[in-house]
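Structure, as structure tokens:
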Amino acid sequence: MTASVSMTNISKNFDAVRALQDVHIDLFPGEVHTVAGENGSGKSTLLKILAGVIKQDEGHILMDGTQVNFQGVRDSMAYGITMVSQELSLVPHLSVAENVFLGHNQTRNKLGIDWKDTDKRAVEFLKRLNLEVNPRAEVSTLPQHHQQMVEIARAIASNTKVLLLDEPTSSLAPKEVESLFAVVRQLRDEGVAVVMISHRMSEMLDISDRFTVLRDSKFIDTSTRAGVDENWLIDRMVLNKPKKAIHSTEELLKTEVVLEVKGMTDLFGAFQDVSFSLHKGEIVGLAGLAGAGRTELVEAIVGLHPRKAGDVIVEGVTVSHSTRATMNAGVVLVPDDRRAKSTIRDMSIRDNLLLSIHGRPQKQRSRRKEEKIVDEWVSKFKIKMSNPYAPISSLSGGNQQKVVIARCLETNPKVLILDEATRGIDLGAKAEIYQILRDLASKGLAILVVSSELSEIFEISDRVLVMHAGDLTANLARKDISESDVVSAATGVRT
Amino acid sequence: MPPWFGLLVLEVVLVIGMSIIQPAFISGSNLSNIIRSAAIPIVLGIGMTFTILTAGIDLSVGSALAFTGILLSGFITHMPRFAAVLLTVVIVTAVVGGINGILIGKIGLNSFVITLGTLGIFRGISYLVTNGTTRTIDTGTLINTLGDGNWGPIPGPAVVVTVVALLSVWALRSTYFGRDVYAVGGNEFAARLAGVFTSRVKLTVYFISAALAALAGIMQVGRLQSAAPTAGAGIELTVVAGVLLGGTRLSGGVGSITGTVIGLLFLQTVSNSLTIQGVSSYWQQVVTGVLLGAAVLFDRIQVSYASRRKYREESNVTKE
Chain F
1 MTASVSMTNI SKNFDAVRAL QDVHIDLFPG EVHTVAGENG SGKSTLLKIL
51 AGVIKQDEGH ILMDGTQVNF QGVRDSMAYG ITMVSQELSL VPHLSVAENV
101 FLGHNQTRNK LGIDWKDTDK RAVEFLKRLN LEVNPRAEVS TLPQHHQQMV
151 EIARAIASNT KVLLLDEPTS SLAPKEVESL FAVVRQLRDE GVAVVMISHR
201 MSEMLDISDR FTVLRDSKFI DTSTRAGVDE NWLIDRMVLN KPKKAIHSTE
251 ELLKTEVVLE VKGMTDLFGA FQDVSFSLHK GEIVGLAGLA GAGRTELVEA
301 IVGLHPRKAG DVIVEGVTVS HSTRATMNAG VVLVPDDRRA KSTIRDMSIR
351 DNLLLSIHGR PQKQRSRRKE EKIVDEWVSK FKIKMSNPYA PISSLSGGNQ
401 QKVVIARCLE TNPKVLILDE ATRGIDLGAK AEIYQILRDL ASKGLAILVV
451 SSELSEIFEI SDRVLVMHAG DLTANLARKD ISESDVVSAA TGVRT
Chain B
1 MPPWFGLLVL EVVLVIGMSI IQPAFISGSN LSNIIRSAAI PIVLGIGMTF
51 TILTAGIDLS VGSALAFTGI LLSGFITHMP RFAAVLLTVV IVTAVVGGIN
101 GILIGKIGLN SFVITLGTLG IFRGISYLVT NGTTRTIDTG TLINTLGDGN
151 WGPIPGPAVV VTVVALLSVW ALRSTYFGRD VYAVGGNEFA ARLAGVFTSR
201 VKLTVYFISA ALAALAGIMQ VGRLQSAAPT AGAGIELTVV AGVLLGGTRL
251 SGGVGSITGT VIGLLFLQTV SNSLTIQGVS SYWQQVVTGV LLGAAVLFDR
301 IQVSYASRRK YREESNVTKE
């Protein structure tokens, strides 16, 4: 049997970050091939290269033995490769039929596009996927799993031979997953090579004929379905490191509760009925996979994200749902995306640091006082910079993050929440930030650390919370858990 | 129900109301006057609809209109009128459309900034060439008919608008290019992933906008029998207002030619009504601004209502 696609020695760097290093994968017609790995292991990058969305730095792609060179999406499409990306790629205000045939596959007659026939053909394609919808409906009015079917219908309509599905089930309910998998099996039986990324262990095992595991941007192993089970996958996905004990959790549980979160439910369904509490001087890690609802949860706690139900209680007092009120009550967030959410790129380091205390009375805001505040933080956090009037974008990621943390601390918080605070930061700065957090905790600050990196969770937490698909699936003391426990809880494996 | 339906009702109510208050309003000469003065903004508005649908904008249309008149005034003394018109339209399309299209479509610069730049450039050139003076042009019947005259019993500009509008409706509805315009404005990444040549689509809409601005420039010459460097100054505001009133969304991907035609016809009717009632023309600008604000606000209310309803429906689906 010849491989219909063979990718060899693929490497890709984004600036200084290595996304893929010498990875290879073979895809055969009529198989479902799962690419497994933790967040950031390079799975999506691999698929995007095959789809022509990005180009590899090194390595070759062979189609049926011939080398190909994809300059863009159009090139890979010409070879029958289509990708259903993680974020829905539909044009929201166009009709269902039009989205199915997006990219010039509509029927044409002498007068241009023949809408009647286009609609009729769309209905036929959707029927093959057991979906009966009005082809004229605006696609954004469909529920999300139907929208996804429309994307798959588009792939079928363009006569796909290799179908790439990047986390197709992340937003689907179990029933919807079943109907998606029925379609995937049908396509496989018709000879399509299906490549899938999924984080749900049971689903991978249910649908896949073959597995390839990536870890830290590198190829680890590949195997057919026989001989693969949960442990086989977890062993290869997670690098087990020796555990470090920090301090006894029982002792911590006795100290007073600072923050209590009760029954938080998202207005848009990203998380439901999440309750937990934070104690004084405790560092709690919140683990989970991308899309588990962690960012939405912490943003809802500080009043940034709309919520349907739930209470945030700080030292026994319920806080109203507003960023201002939450900050005044002593809960602050260091958001996950520095560029978009926490730094103002063209403003100076000084102004970025002082941003949260503009509400202070004028008396306290003399230029000298403000300079003193900035100097103190700069020396305390060892922020490396030329001068405080330089734009914050001139700093390295780690130093930018220190400025953001300093801004939060200047409000004298009781609870500090950090969302992926060390993403894109080099190891030295990471270690410094961990040390800062430990110092803060020892002075009584309650800290919640959201992270997708298991090593980080284990490095720093006294207690670990795990979320899976919007539910809190684990709440365990640090000493009682192993990495596999966290991976199981995050991927929804029942234990 | 299309988004411009409410506006159409408003237009009809306005026309009926005005006919009762001011019988002079409904006279044939006044109605033909409304159509004649609405024609140029509508032609520009159709071009603007193409650019706004791709989530862009073309602010240079007024300057391109003036530049067209000035060019024509130069060519027309050296060659047959028809050739002069053709040459002018081709040059304006190539130069204005080329600069805007390449910088915005190919290189990916911001449409607002670039067309604000070309707005200044071509207005300035028009002043430089003429030294600020207005040139009289012997237009002959062809140009005059396009801009002001009659074609049989029908006003010439009405014929031009009808042809341009029908062609555009067809292009947007029934050609691959037209659907790509909506796709690029609605979700550029999705369009690219589906194999649409997004940069070429964006380039093309600025050529269309420039070509229609050139056509509007010819009509303006036909109307005034002269070319002035001040022609069409500030008209881009009216045109954008009309396009947005007609339901085209500034964020791209939603809108229609029909909406644009009704939107600009409505603005012209309001302006004409105010004139007939003896309201100062200064007030008319205030009214246009208020109407634009009201239309955008109304649209936002509708959209947020629709999305709230959608979330409700979705949460019901997941409960099942």
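Respectively, the protein sequence lines represent chains F and B.
Its first residue numbered 1, the first sequence is counted upward by one per residue in the working numbering.
Its first residue numbered 1, the second sequence is counted upward by one per residue in the working numbering.
All residues carry an ideal CB built from backbone N, CA and C; glycine is no exception.
Everything numeric in this text was worked out from a predicted model, so none of it was measured.
Item, Value
"Mind checking which residues open and close the alpha helix (DSSP H) that includes residue 58 of chain F?", "It is not in any alpha helix (DSSP H) - residue 58 of chain F instead sits in the beta strand (DSSP E) that spans 58–63."
"Whose Cβ in chain B lies nearer than 8 Å to the Cβ of residue 91 of chain F?", "182, 183, 186, 187, 190, 191 and 253"
"Which residues in chain B sit within 9 Å of residue 113 of chain F, going by Cβ to Cβ distance?", "173, 174, 175, 176, 178 and 179"
"The beta strand (DSSP E) that contains residue 195 of chain F, what's its start and end?", "193–197"
"Between F:280, F:76 and F:288, which lies nearest to residue 161 of chain F when the distance is taken from Cα to Cα?", "F:76"
"On the three-pair Cβ rule with 8 Å, is the region 396–403 of chain F touching the region 330–346 of chain F?", "yes"
"Suppose contacts are defined by Cβ-Cβ distances below 9 Å. Is residue 44 of chain B in contact with residue 61 of chain B by that definition?", "yes"
"Does any residue of chain F bring its CB to less than 9 Å from the CB of residue 196 of chain B?", "yes"
"Can you name the residues of chain B whose CB is closer than 7 Å to the CB of residue 438 of chain F?", "Result: empty, since nearest Cβ-Cβ is about 41 Å, beyond 7 Å."
"Mind listing the chain C neighbours of residue 170 of chain B? Cutoff is C-beta to C-beta under 7 Å, in chain order.", "In the structure shown, chain C does not exist; the protein chains are F and B."
"Between the alpha carbons of residue 498 of chain F and residue 194 of chain F, how many angstroms are there, rounded?", "Only positions 1 to 495 of chain F appear in the structure, and residue 498 of chain F is not among them; the question remains open."
"Below 7 Å on C-beta distance, what does residue 74 of chain F contact in chain B?", "195"
"So what's residue 161 of chain F in DSSP terms, helix, strand or just coil?", "coil"
"Go ahead and label residue 488 of chain F buried or exposed: buried means 16 or more other beta carbons lie within 10 angstroms of its beta carbon, across all protein chains shown.", "buried"
"Within the region 182–223 of chain B, note down every full alpha helix (DSSP H) run reaching 4 residues or more, in order along the chain.", "188–193"
"Verify whether the separation of the beta carbon atoms of residue 6 of chain B and residue 206 of chain B is less than 9 Å.", "no"
"So if DSSP puts residue 348 of chain F in a beta bridge, which residue, or which two residues, is it bridged to?", "F:391"
"Starting from residue 120 of chain F, trace the alpha helix (DSSP H) both ways and give me its first and last residue.", "115–128"
"For residue 333 of chain F, write down the residues that DSSP places opposite it in a beta bridge.", "F:417"
"Look at the alpha carbon of residue 97 of chain F and the alpha carbon of residue 270 of chain F, and state the distance between them as a whole number of angstroms.", "29 Å"
"What is the DSSP secondary structure of residue 134 of chain F, counted as helix, strand or coil?", "coil"
"Whose C-beta lies closer than 6 Å to the C-beta of residue 140 of chain F among residues of the same chain, with five residues either side of it excluded?", "92"
"Just checking my contact of residue 283 of chain F with residue 437 of chain F at CB under 8 Å: how many whole Å lie between their CB atoms?", "6 Å"
"Write down the C-beta distance between residue 49 of chain B and residue 214 of chain B rounded to the nearest angstrom, noting that I regard them as a contact closer than 8 Å.", "So it is not a contact: roughly 17 Å between Cβ atoms."
"What first and last residue would you give for the beta strand (DSSP E) that runs through residue 5 of chain F?", "5–14"
"Should residue 109 of chain F be labelled buried (16 or more other beta-carbon atoms within 10 Å of its own) or exposed?", "exposed"
"Is there contact here, the region 255–263 of chain F with the region 302–315 of chain F, by at least three beta-carbon pairs under 8 Å?", "yes"
"How many whole angstroms separate the CB atoms of residue 499 of chain F and residue 259 of chain F, which I take to be in contact at a CB cut-off of 8 Å?", "As displayed, chain F neither begins before 1 nor continues past 495, which places residue 499 of chain F out of reach and without an answer."
"Does the beta carbon of residue 496 of chain F sit closer than 9 Å to a beta carbon anywhere in chain B?", "Nothing can be reported for residue 496 of chain F, as the shown portion of chain F is limited to 1 through 495."
"Out of curiosity, what's the CA-to-CA distance linking residue 245 of chain F and residue 452 of chain F?", "Summary for residue 245 of chain F: the model assigns pLDDT 43, below 50, so the residue's position carries little reliability; its value from the coordinates is reported in the next sentence. So the alpha carbons of these two residues sit roughly 20 Å apart."
"Could you tell me the alpha carbon to alpha carbon distance between residue 357 of chain F and residue 492 of chain F, rounded to whole angstroms?", "42 Å"
"Return the chain-ordered list of same chain residues with a C-beta closer than 7 Å to the C-beta of residue 105 of chain F, the five sequence neighbours on each side being excluded.", "157 and 158"
"Between which two residues does the alpha helix (DSSP H) holding residue 144 of chain B run?", "140–147"
"Which same chain residues, not among the five before or five after residue 165 of chain F, have their C-beta less than 6 Å away from its C-beta?", "84 and 196"
"I'd like to know whether the C-beta of residue 248 of chain F is nearer than 9 Å to at least one C-beta of chain B.", "At residue 248 of chain F, the pLDDT of 46 sits below 50, so the modelled position is not reliable and the matter cannot be decided from this model."
"State the DSSP-derived secondary structure class of residue 279 of chain F, mapped to helix, strand or coil.", "strand"
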